[in-house]
Ligand code: DLL
């Protein structure tokens, strides 16, 4: 597959031949053929899936059209935990060439598996991801996603190599060295979490390096939610174009979807991943344009097919065609998960709303934490945010003014008054991977 996409004469992908641009009818035919094959594979090889289909009187022959996917049972994260470690594998161990795992919040990790063909598909979708961000052969890609059981590092690595770019496999952390290599090796792109990149820009500043003066041109940021305010901040402070990349271990890792140059939603690589949006309460499919939970079916995975996996990520499918010409449909950026809702005094609050409120106020820095406590049986929420040295060094009036504006912005967006703590730059711990924004001290 990769060979077909590669056009050496032009030094990169040939856009017209890439599956990103398939005519709709052709794409749908590919999807249906692959859907039928993957359902048959899961039915034949995974006991849990076969039992669930049998309970519903379904066999692989029940899938005659793409809409028939809605007949199939969902798969949820608990299914991966309950069958830990290898219970959902559809390939014999002899065909599994790689395992990854996602740590989750408590207890055992969830384990995912890849055959050689799966690794090829993953490399392909990641190469297409990076091409979508405007990268090509000759680019120097600093890969600061963590290498190891986390899918970010090796996913971006194989994709960058498949694209023909030069990879710097630096992994996460060691920020001073990141800055040094970025300058010395003239990195043109960086892959990492958005929160780590903000830290990197800040540290570079302390070391006297202005990223805007370096050849760095593109950021491929994901693995955690980040707002448009955050994007505006990183694009301005680093002088780059910042693309949002989405994925999850259960489906393949990074490479499920990405923003193109238009930066208006993320294209899903629909020839390999079939997206649906459902009502998270009822499980009913919702039409394009409605917001709900993203459900994904892997169309070509061999070692661990996922049928109607409930991601818990809340988004909507954008019905309109993208200006870039890709026929792949897009989803809106993911700002929240159905399970990260905080309820304070009966009001539902998502961390992304707090972020949007904070970044709208001048004088705040993009470093914050939400601390949840319980006092006399009542849940309390305190937002801790760093403010610029000017705010702190100026007279008390300015500090009070910023505090009042933040409080108002939060109240306007989330609907309740919450505790607020303005702190000095650097007082909140920096992450090397996914930022931990919510600190829950409520106990239970
Ligand atoms: O985070 C895979 C990945 C690596 C994606 C590098 C992008 C870049 P997991 O650790 O399994 O896999 O976490 C998956 O992270 O269900 C979302 O809730 C969240 N997530 C991932 N990308 C985004 C994003 C990797 N761009 C979970 N925006 C997913 C918001 C994201 N949330």
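In full-length UniProt numbering, the protein residues as written are 1 to 444. Glycine included, every Cβ here is placed at the ideal spot set by N, Cα and C.
Note down, in chain order, each residue of its chain lying with its Cβ closer than 7 Å to the Cβ of residue i, except the 5 sequence neighbours on either side.
i, result
"residue 9", "Unreliable positioning characterises residue 9 in this predicted model, as indicated by a pLDDT of 45, which lies under 50. The coordinate reading is nonetheless provided below. If we look at residue 9 and ignore the five residues flanking it on each side, it has no Cβ neighbours."
"residue 66", "28, 31, 32 and 35"
"residue 42", "49, 90, 305 and 307"
"residue 157", "143, 167 and 169"
Tell me whether the beta-carbon of residue i lies closer than 8 Å to the beta-carbon of residue j.
i, j, result
"residue 124", "residue 165", "no"
"residue 229", "residue 359", "yes"
"residue 327", "residue 24", "yes"
"residue 115", "residue 302", "yes"
"residue 398", "residue 391", "yes"
"residue 168", "residue 198", "no"
"residue 234", "residue 209", "no"
"residue 317", "residue 293", "no"
"residue 319", "residue 438", "no"
"residue 272", "residue 298", "yes"
"residue 354", "residue 384", "no"
"residue 129", "residue 255", "yes"
"residue 331", "residue 261", "no"
"residue 433", "residue 247", "no"
"residue 372", "residue 442", "yes"
"residue 144", "residue 110", "no"
"residue 378", "residue 403", "no"
"residue 296", "residue 275", "yes"
"residue 425", "residue 389", "yes"
"residue 375", "residue 428", "no"
"residue 349", "residue 258", "no"
"residue 243", "residue 269", "no"
"residue 203", "residue 176", "yes"
"residue 313", "residue 333", "no"
"residue 345", "residue 396", "no"
How is residue i classed by DSSP in three states: helix, strand or coil?
i, result
"residue 143", "strand"
"residue 197", "helix"
"residue 45", "helix"
"residue 94", "helix"
"residue 382", "strand"
"residue 4", "For residue 4, the pLDDT reaches just 47, beneath the cut-off of 50, and the residue's location in the model is therefore unreliable, although a value from the coordinates is still provided. If DSSP states are grouped into helix, strand and coil, residue 4 belongs with the helices."
"residue 17", "A caution first: residue 17 carries a pLDDT of 47, below 50, which makes its placement in the model too unreliable to give a value."
"residue 242", "strand"
"residue 222", "strand"
"residue 423", "strand"
"residue 250", "coil"
"residue 281", "coil"
"residue 69", "helix"
"residue 342", "strand"
"residue 132", "helix"
"residue 330", "strand"
"residue 202", "helix"
"residue 189", "strand"
"residue 233", "helix"
"residue 389", "helix"
"residue 323", "coil"
Is residue i near the ligand DLL, with its Cβ less than 7 Å from a heavy atom?
i, result
"residue 446", "Here the chain comprises residues numbered 1 to 444, so residue 446 is not present and cannot be evaluated."
"residue 150", "yes"
"residue 244", "yes"
"residue 261", "no"
"residue 101", "no"
"residue 311", "yes"
"residue 224", "yes"
"residue 268", "no"
"residue 248", "yes"
"residue 254", "yes"
"residue 337", "yes"
"residue 145", "yes"
"residue 334", "yes"
"residue 155", "yes"
Residues in the same chain with beta-carbon distance under 6 Å from residue i, minus the five sequence neighbours each way, listed in chain order, please.
i, result
"residue 215", "186 and 188"
"residue 226", "194"
"residue 101", "109, 111 and 149"
At a cut-off of 7 Å, would you count residue i as near the ligand ZN, judging by its Cβ distance to the nearest heavy atom?
i, result
"residue 309", "Annotation note on the ligand ZN: not contained in the displayed structure, which lists the ligand DLL as its ligands."
Among residues of its own chain, excluding the 5 on either side of residue i, which ones have a beta-carbon nearer than 8 Å to its beta-carbon?
i, result
"residue 2", "Unreliable placement is indicated for residue 2, whose pLDDT of 48 sits below 50; no coordinate value is reported for it."
"residue 212", "237, 238 and 239"
"residue 224", "193, 194, 195, 434 and 435"
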